[in-house]
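Going down the list, the protein sequences come from chains U and G.
Under the working numbering, the first residue of the first sequence is numbered 2, with each subsequent residue one higher.
Under the working numbering, the first residue of the second sequence is numbered 5, with each subsequent residue one higher.
Some notes on the structure that comes next.
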Amino acid sequence: MWQVLREELHPKGLEIVSVALDARGAAVARPWIEKAMARHPSLIDAPHQLGRLGVANVPTGIWVDETGVIVRPPEPAHPRRPAYKDQVVPADASAVERERVEMVKALHVEPDRYVAALRDWVERGTKSRYALAPDEVVRRSRPRGLDEATADAHFALGRALHAEGDPAGAIAHFKAAHRLHPTNWTYRRDAWAMAGPEHASIYGTTWLDEVKREGVERYYPPLEL
Amino acid sequence: MIFRSARIPAAELERATGWALKPEGLCHDDRCVPFPHDAGGDLSLADVASALGMPLVKEEAAGLWALGPGGGGKALDDPDTAVLPDLELPDVNGDPFRFSSLRGQKVLVVAWASW
Numbered sequence: 002m003w004q005v006l007r008e009e010l011h012p013k014g015l016e017i018v019s020v021a022l023d024a025r026g027a028a029v030a031r032p033w034i035e036k037a038m039a040r041h042p043s044l045i046d047a048p049h050q051l052g053r054l055g056v057a058n059v060p061t062g063i064w065v066d067e068t069g070v071i072v073r074p075p076e077p078a079h080p081r082r083p084a085y086k087d088q089v090v091p092a093d094a095s096a097v098e099r100e101r102v103e104m105v106k107a108l109h110v111e112p113d114r115y116v117a118a119l120r121d122w123v124e125r126g127t128k129s130r131y132a133l134a135p136d137e138v139v140r141r142s143r144p145r146g147l148d149e150a151t152a153d154a155h156f157a158l159g160r161a162l163h164a165e166g167d168p169a170g171a172i173a174h175f176k177a178a179h180r181l182h183p184t185n186w187t188y189r190r191d192a193w194a195m196a197g198p199e200h201a202s203i204y205g206t207t208w209l210d211e212v213k214r215e216g217v218e219r220y221y222p223p224l225e226l
Numbered sequence: 005m006i007f008r009s010a011r012i013p014a015a016e017l018e019r020a021t022g023w024a025l026k027p028e029g030l031c032h033d034d035r036c037v038p039f040p041h042d043a044g045g046d047l048s049l050a051d052v053a054s055a056l057g058m059p060l061v062k063e064e065a066a067g068l069w070a071l072g073p074g075g076g077g078k079a080l081d082d083p084d085t086a087v088l089p090d091l092e093l094p095d096v097n098g099d100p101f102r103f104s105s106l107r108g109q110k111v112l113v114v115a116w117a118s119w
């Protein structure tokens, strides 16, 4: 998804690092990585360590300058218009499926603005208006109170239990993480993926339910460029 | 982060969290927090969690303890630097990769997932 942009901008000094937030690890991420045939580093973040920087959904981008300083905190990052924006609702779709597809199509994405800002930063470095000062980076990063911090610990414990063959024990901790940090989509969607097709009955909710509760406009918040 | 015991050696805490046990207490970079404890003994995770303001969640029957990050602020909480922590993550083949190996280049970190 990113390799075309990477080949354009790598000669100008940009490297892209992709990080898969998949609790089940390389086994599930590998087919996508191999299909992309990317030449940039493709890493696996099974424990969602990037969550500690404020990554709570995907795709999310973080800009880091040559000295290792973050110049844009986690924010939605789409390299191009996603195919799901143009999908057609099948004529025989159920009412729920129709509503889900319409909701997916209504997600807010801004690939053109994002990529233009990225090109500007690669070209102009610290002179780019899109490279933010440290205090602004911190101000824009997500809040982390005791609830969010505790959700991190529950997610880690859920993942450890799942890996040790106790999926039922894991679910209790994933539910706690979801309750404590309801706007963290990576906790939800990864736990649902681990639960398989029965996840809606196990967790008592669906992606559509949660997007309606949260508000579709907040799923990918507008870029503050 | 996950631990396998309610008490851990100071070296394990430092490896996992960056907080080192020193005579003045638990220290990370220039910051130290008082931490009374017996020299040479393992550290109680409950005491560490309390001293550092980190949540501790446990499943004692499974032998698992999880320490969350410090709460009460922002995900990126150091306005003086906003430095990317030197994370180490495996690549798709399991080989470790350190983010500090990218110094000298601009970097776009992209989080994605298969689900």
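All C-beta atoms, glycine included, are put in the ideal place defined by N, C-alpha and C.
All of these numbers come straight from a predicted model, not from anything done at the bench.
Contact with chain G by residue i, beta-carbon distance below 7 Å
i: U:Trp33; result: yes
i: U:Leu232; result: Nothing about residue 232 of chain U can be reported from this structure: the residues present for chain U run from 2 to 226 only.
i: U:Glu67; result: yes
i: U:Trp186; result: no
i: U:Leu226; result: no
i: U:Val138; result: yes
i: U:Ala24; result: no
i: U:Leu181; result: no
i: U:Glu191; result: Per the sequence shown, residue 191 of chain U should be read as Asp rather than Glu. Yes, its Cβ sits closer than 7 Å to a Cβ of chain G.
i: U:Ala92; result: no
i: U:Gly146; result: yes
i: U:Gln88; result: no
i: U:Ser19; result: yes
i: U:Ala154; result: yes
Residue burial classification, residue i (beta-carbon count within 10 angstroms, cutoff 16)
i: U:Tyr85; result: exposed
i: U:Pro77; result: buried
i: U:Leu6; result: buried
i: U:Asn185; result: buried
i: U:Pro226; result: Per the sequence shown, residue 226 of chain U should be read as Leu rather than Pro. Exposed, because fewer than 16 other Cβ atoms sit within 10 Å of the Cβ of U:Leu226.
i: U:Gly36; result: Residue 36 of chain U is actually Lys in this sequence, not Gly. The residue is exposed, with fewer than 16 neighbouring Cβ atoms inside 10 Å.
Under 7 Å by beta carbon: chain G residues contacting residue i
i: U:Pro60; result: Val114, Ala115 and Trp116
i: U:Gly14; result: Gln109 and Lys110
i: U:Ile203; result: What U:Ile203 touches in chain G: nothing, since even the nearest Cβ is about 15 Å away.
i: U:Ala157; result: Met5, Ile6 and Ala70
i: U:Glu111; result: Per Cβ cutoff of 7 Å: no residues; U:Glu111 is ~15 Å from chain G at best.
i: U:Ala194; result: Trp119
i: U:Val123; result: Lys110
Under 8 Å from the C-beta of residue i: neighbouring residues of chain G
i: U:Asp210; result: None at all; the shortest Cβ gap to chain G is about 17 Å.
i: U:Thr151; result: Pro59, Val61, Gly72 and Gly75
Listed by chain order, chain U residues near residue i by CB distance under 8 Å
i: G:Asp95; result: Pro42, Ser43, Leu44 and Ile45
i: G:Thr85; result: Val70 and Pro135
Chain U contact for residue i (CB, 7 Å cutoff)
i: G:Leu88; result: yes
i: G:Ile12; result: no
i: G:Lys26; result: no
i: G:Leu106; result: yes
i: G:Trp23; result: no
Residue i - partner residues in DSSP beta bridges
i: U:Pro60; result: In DSSP, U:Pro60 forms no bridge with anything.
i: G:Pro100; result: G:Pro94
i: U:Ser19; result: U:Ser43 and G:Val114
i: U:Trp3; result: Per DSSP, none; premise fails for U:Trp3.
i: G:Trp69; result: G:Phe7 and G:Lys62
i: U:Pro77; result: U:Thr61
Contact list for residue i against chain C, beta-carbon separation under 7 Å
i: U:Arg81; result: Although the question refers to chain C, the structure presented lacks it and instead comprises the protein chains U and G.
Closer than 9 Å at the beta carbon, the chain U residues around residue i
i: G:Ala20; result: In chain order: nothing, as chain U lies at least about 11 Å away.
i: G:Ala66; result: Leu158, Ala161, Leu162, Glu165, Asp167 and Gly170
Chain U residues whose Cβ lies nearer than 7 Å to that of residue i
i: G:Leu80; result: Leu54, Gly55, Ile71, Pro74, Val138, Val139 and Ser142
i: G:Leu91; result: Gln50
Residue i: contacting residues in chain G (beta-carbon distance under 9 Å)
i: U:Ala27; result: Pro94, Asp95, Val96, Asn97 and Gly98
* Given 8 Å, three or more beta-carbon pairs between the segment 48 to 67 of chain U and the segment 173 to 181 of chain U -> Because the criterion of three Cβ pairs below 8 Å is not met, the segment 48 to 67 of chain U and the segment 173 to 181 of chain U do not touch.
* Examine the Cβ distances between the segment 9 to 19 of chain G and the segment 200 to 212 of chain U and report whether three or more of them are shorter than 8 Å. => Judged by Cβ distances under 8 Å, the segment 9 to 19 of chain G makes no contact with the segment 200 to 212 of chain U, as fewer than three pairs qualify.
* Is it a yes or a no for the segment 146 to 153 of chain U touching the segment 71 to 89 of chain G, going by three-plus beta-carbon pairs under 8 Å? -> Segments in contact, yes.
* To do: Check whether the segment 28 to 48 of chain U touches the segment 59 to 66 of chain U, taking contact to mean three or more Cβ pairs, one atom from each stretch, closer than 8 Å.
  => Contact between the segment 28 to 48 of chain U and the segment 59 to 66 of chain U is absent, because fewer than three Cβ pairs lie under 8 Å.
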